[in-house]
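K.L.:
Take this structure first; my questions come after.
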Amino acid sequence: MSDSPIELMRSTLAGFQIAPDVKTISNIQDIRAQIQSFREKELEGSQTKFKVLSRKLEISTQAMESLKQTAESSQHAEEILSREKEKFRIAKLLNITENEIMSLESQLQKMKEQLLQLEERENTSEDICQSEENANMLKLNFYHSLGFDLETAENTGNKRVIIHTENDLQTVQISNKYSPYFYSNYFWDLLDDSKDKK
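According to the working numbering, the sequence shown is numbered sequentially starting from 3.
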């Protein structure tokens, strides 16, 4: 056996088995890393929850403050709402009234136009009646000059024609059985006969 220190150290080191220890140390380091990661995640989760709870607390505080203000001004808000409803109702009534006024104005304008048309027709009818009366007067004067006189019975309304000739006087009753054309020819024939007798 050599007494050299170097050889002694080598033989001593050769007797140690460090591979299992190295593996154990590596496993310990992995576990520590996992624990550290888990703690960091837990911390992040706790911080997130804390932020969420803080935000909820802030919102709840604001809501409570808003509720207090609303409770204090609820009566005023109801009055404003009631006034707004009344304004809306009045505006609606005004709109309906304006539409009715426009409709009535349109109807009035149409009635004025119809009245004007009726007046024009009445004036035209009066002119026509006047013209017819004038024409009838001319016809009666003409027939009278020929010896024809038209008479109407007051009690019955029947009409008759009295024909005056130099030698005779004839009366012809006018009936609806015969046409005006028939009577016209008949009267002219009488005139011709009276002329022939002359």
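Where is the CB? At the ideal position from N, CA and C, for every residue including glycine.
Just list the residues that DSSP pairs Val163 with in beta bridges.
P.N.:
Leu152 and Val174
K.L.:
From Phe52, Ser13, Ile176 and Arg41, pick the residue whose C-alpha is nearest to that of Asn160; which is it?
P.N.:
Ile176
K.L.:
By the 10 Å Cβ neighbour count, where 16 or more other Cβ atoms means buried, how is Leu192 classified, buried or exposed?
P.N.:
buried
K.L.:
Can you look up Lys58 in the DSSP assignment and give me helix, strand or coil?
P.N.:
helix
K.L.:
Would DSSP call Thr158 helix, strand or coil?
P.N.:
coil
K.L.:
DSSP three-state label for Tyr188, please.
P.N.:
helix
K.L.:
In chain order, what residues of the same chain have a beta carbon less than 6 Å from the beta carbon of Thr154, not counting five sequence neighbours either side?
P.N.:
Lys161
K.L.:
In whole angstroms, what is the alpha-carbon distance linking Lys89 and Leu83?
P.N.:
10 Å
K.L.:
Can the beta-carbon of Phe184 be found less than 9 Å from the beta-carbon of Ile164?
P.N.:
no
K.L.:
Just verifying my parser: in three-state terms, what is the DSSP assignment at Ser108?
P.N.:
helix
K.L.:
Run through DSSP, which three-state label would Tyr183 get?
P.N.:
DSSP places Tyr183 in helix when its eight states are reduced to three.
K.L.:
Do you know how far the Cα of Lys87 is from the Cα of Thr126?
P.N.:
58 Å
K.L.:
Roughly how many angstroms separate the alpha carbons of Arg123 and Leu106, rounded to a whole number?
P.N.:
25 Å
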